[in-house]
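**Student:** Protein chains in written order, with the working numbering: chain A, 3 to 33; chain B, 1261 to 1645.
Where a beta carbon is used, it is the ideal one built from N, C-alpha and C, also for glycine.
Quick caveat, the model's predicted, so the values are computed rather than measured.
Below, the structure is given as structure tokens:
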């Protein structure tokens, strides 16, 4: 396999519930 | 010739416009006809690759969050729209496959070309995002099944049970000379053809939206299970349907469904197996039901029916003419005795709401990212290849 210089950084993903909260809070901010 | 890298460059402030044009406003009709399946998914991946190449975690996270949110939103706004659901189920699965294929994880690189291996993500591991995306795909799949079931359910009993394509046993004429049976003229009653046409519409839509063949097989199995369960449940409740002739009609309809599977190259799917209970019930309606050996034959030939279901059919059996004898209580008792060893459920009715667990097996995409072009109809001119 290809040699990777360094391991990838794991990106923490939000849960579906957290994702929904983010959207509702964004909707409140934008007019 | 300019050598492309298989990425799509976008500015942070253009992310909202990208999501709006590529997901929220995209019309499946405009996409499916002449483009490769899962094109939007591949373009999304090319954007992810760009953000990854910038080694900018916030940019990658923002793109993934808004992509998943937008897919959920577009599905939420089209809960009854079969074609839209098919399109976004397909693209969600393609996006999931692309994220795996270009994750750099050995397991998903086996079918990659050397060039595809070079195009793997350099900086970030998105396995947690893949899990979220998989959960979203499962939810879309469940809604997808609900919409199909709502569409086909009203057609099942009229088409599979009530409609008579085989003329009366006594007056069996070659189809060419069939007298125009009144049931078609006055009401637009559904027929077995209506069931097959509905299945074919689902099938062609799934193919046009590039849905993975393995998923199409799972959908076929789920729909066939529903057809079998709804038909059989109705048979249990209607003595008038429990006749030898109706058994023959059901077997005929099952062979139409088998033909349909073969025609769509779906015979390898386990869809046919889900019709086994109905097929055995149809056999039971047709077989002789008088002697001890008949009883033994019945007890051995209906493994997919429970004892309760077998006895119910025997007790409901209604000969349609005077030549045929009713099933005697003593015969029913004989069969019951032979079935006593069974520990199957006491449940009569089949669960029409049962959902087979869905799986999204990985399949690598053959497409070279650097060769993909963006159709102008996507209105993504602000992206740079």
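Closer than 7 Å by C-beta to residue 1635 (chain B): which residues in its own chain qualify, once you throw out the five before and the five after it? Chain order, please.
**Tutor:** Excluding positions up to five away in sequence, the list reads 1295.
**Student:** Can you pull the chain A residues whose beta carbon is under 7 Å from the beta carbon of residue 1455 (chain B), in chain order?
**Tutor:** The premise fails here: residue 1455 (chain B) is roughly 36 Å from chain A at the closest Cβ pair, so nothing lies under 7 Å.
**Student:** If the criterion is Cβ atoms closer than 9 Å, does the pair residue 1615 (chain B) and residue 1482 (chain B) meet it?
**Tutor:** Closer than 9 Å, so yes.
**Student:** Does any C-beta atom of chain A lie closer than 9 Å to the C-beta of residue 1337 (chain B)?
**Tutor:** Answer no: the Cβ-Cβ gap between residue 1337 (chain B) and chain A never drops below 9 Å.
**Student:** I'd like the span of the alpha helix (DSSP H) that includes residue 1323 (chain B), first residue to last.
**Tutor:** Start and end: 1317–1336.
**Student:** Less than 8 Å between the CB atoms is what I'm expecting for residue 1514 (chain B) and residue 1538 (chain B), so what's the real figure, rounded?
**Tutor:** Correct: roughly 7 Å between the Cβ atoms.
**Student:** For the region 1615–1635 of chain B and the region 23–30 of chain A, state whether three or more C-beta atom pairs, one from each stretch, are separated by less than 8 Å.
**Tutor:** Cβ pair count under 8 Å is below three, so no.
**Student:** Report the partner residues of residue 1385 (chain B) according to the DSSP bridge assignment.
**Tutor:** In DSSP, residue 1385 (chain B) forms a bridge with A:12.
**Student:** Going by Cα to Cα distance, which pick from B:1462, B:1645, B:1353, B:1381 is closest to residue 1320 (chain B)?
**Tutor:** Of B:1462, B:1645, B:1353, B:1381, the residue nearest in Cα terms is B:1381.
**Student:** Between the beta-carbon of residue 1571 (chain B) and the beta-carbon of residue 1547 (chain B), is there less than 9 Å?
**Tutor:** No, these two residues do not count as a Cβ contact at 9 Å.
**Student:** Buried or exposed: which applies to residue 1272 (chain B), given that a residue is buried once 16 or more other Cβ atoms fall within 10 Å of its Cβ?
**Tutor:** Flag for residue 1272 (chain B) reads exposed.
**Student:** Can you give the Cα-Cα distance for residue 1262 (chain B) and residue 1280 (chain B), rounded to whole angstroms?
**Tutor:** So the alpha carbons of these two residues sit roughly 29 Å apart.
**Student:** Excluding the five sequence neighbours on either side, which residues of its own chain have a C-beta within less than 6 Å of the C-beta of residue 1305 (chain B), listed in chain order?
**Tutor:** Only 1358 meet the Cβ criterion.
**Student:** Ignoring anything shorter than 4 residues or poking outside the region 1570–1608 of chain B, list the alpha helix (DSSP H) runs there in chain order.
**Tutor:** Correct list: 1589–1599.
**Student:** Taking the DSSP output, what are the residues bridged to residue 1269 (chain B)?
**Tutor:** Per DSSP, B:1644.
**Student:** Under 9 Å between the Cβ atoms of residue 1489 (chain B) and residue 1610 (chain B)?
**Tutor:** Contact: yes.
**Student:** Could you please tell me which residues of the region 1317–1334 of chain B, in chain order, have their CB closer than 8 Å to any CB of chain A?
**Tutor:** Those would be 1317, 1320, 1321, 1324, 1325, 1328, 1329, 1332, 1333, in chain order.
**Student:** Cα separation between residue 1531 (chain B) and residue 1459 (chain B)?
**Tutor:** Those two C-alpha atoms are separated by around 13 Å.
**Student:** Helix, strand or coil for residue 1534 (chain B), going by three-state DSSP, please let me know.
**Tutor:** Note: residue 1534 (chain B) maps to helix in three-state DSSP.
**Student:** Considering only the alpha carbon of each residue, which of B:1453, B:1299, B:1492 lies closest to residue 1517 (chain B)?
**Tutor:** Here the closest residue by C-alpha is B:1453.
**Student:** How is residue 1296 (chain B) classed by DSSP in three states: helix, strand or coil?
**Tutor:** Three-state DSSP puts residue 1296 (chain B) in coil, outside helix and strand.
**Student:** Tell me which residues of the region 1343–1369 of chain B have at least one Cβ-Cβ distance to chain A shorter than 9 Å, keeping chain order.
**Tutor:** Listed by position along the chain: 1363, 1364, 1366, 1369.
**Student:** Look up residue 1559 (chain B) in the DSSP assignment and say whether it is helix, strand or coil.
**Tutor:** Looking at residue 1559 (chain B) - three-state DSSP - the assignment turns out to be helix.
**Student:** Cα-Cα, which of B:1575, B:1329, B:1540, B:1484 is closest to residue 1400 (chain B)?
**Tutor:** The candidate whose alpha carbon is nearest that of residue 1400 (chain B) is B:1329.
**Student:** Would you kindly work out how many angstroms separate the C-alpha atoms of residue 1415 (chain B) and residue 1288 (chain B), rounded to a whole number?
**Tutor:** Residue 1415 (chain B) and residue 1288 (chain B): Cα-Cα distance of roughly 27 Å.
**Student:** How many Å lie between residue 1367 (chain B) and residue 1378 (chain B) at the Cα?
**Tutor:** Distance between the alpha carbons of residue 1367 (chain B) and residue 1378 (chain B) is about 15 Å.
**Student:** For a contact meaning CB atoms closer than 8 Å, what does residue 1388 (chain B) contact in chain A?
**Tutor:** Under the 8 Å cutoff, chain A gives 12, 13, 14, 15.
**Student:** Going by the C-beta, is residue 1563 (chain B) closer than 8 Å to any heavy atom of the ligand SAM?
**Tutor:** Of ligands this structure carries none, so the ligand SAM is not represented either.
**Student:** Got a sec: is the Cβ-Cβ distance from residue 22 (chain A) to anything in chain B below 9 Å?
**Tutor:** So yes, residue 22 (chain A) belongs to the interface.
**Student:** Please report the distance separating the alpha-carbon of residue 25 (chain A) from that of residue 1308 (chain B).
**Tutor:** If I take the Cα positions, the gap works out to 20 Å.
**Student:** Taking residue 1379 (chain B) as the query, report the chain A residues whose CB atoms sit under 7 Å from its CB, ordered along the chain.
**Tutor:** Result: empty, since nearest Cβ-Cβ is about 11 Å, beyond 7 Å.
**Student:** Using beta carbons (cut-off 9 Å, strictly below), is residue 1396 (chain B) in contact with chain A?
**Tutor:** Residue 1396 (chain B) counts as touching chain A.
**Student:** Do residue 1535 (chain B) and residue 1527 (chain B) have their beta-carbon atoms positioned less than 9 Å apart in this structure?
**Tutor:** Cβ atoms of residue 1527 (chain B) and residue 1535 (chain B): not closer than 9 Å.
**Student:** Starting from the beta carbon of residue 1392 (chain B), find every residue of chain A whose beta carbon is closer than 7 Å, and list them in chain order.
**Tutor:** Correct list: 15, 18.
**Student:** Would you please verify whether the beta carbon of residue 1384 (chain B) is less than 9 Å from any beta carbon of chain A?
**Tutor:** So yes, residue 1384 (chain B) belongs to the interface.
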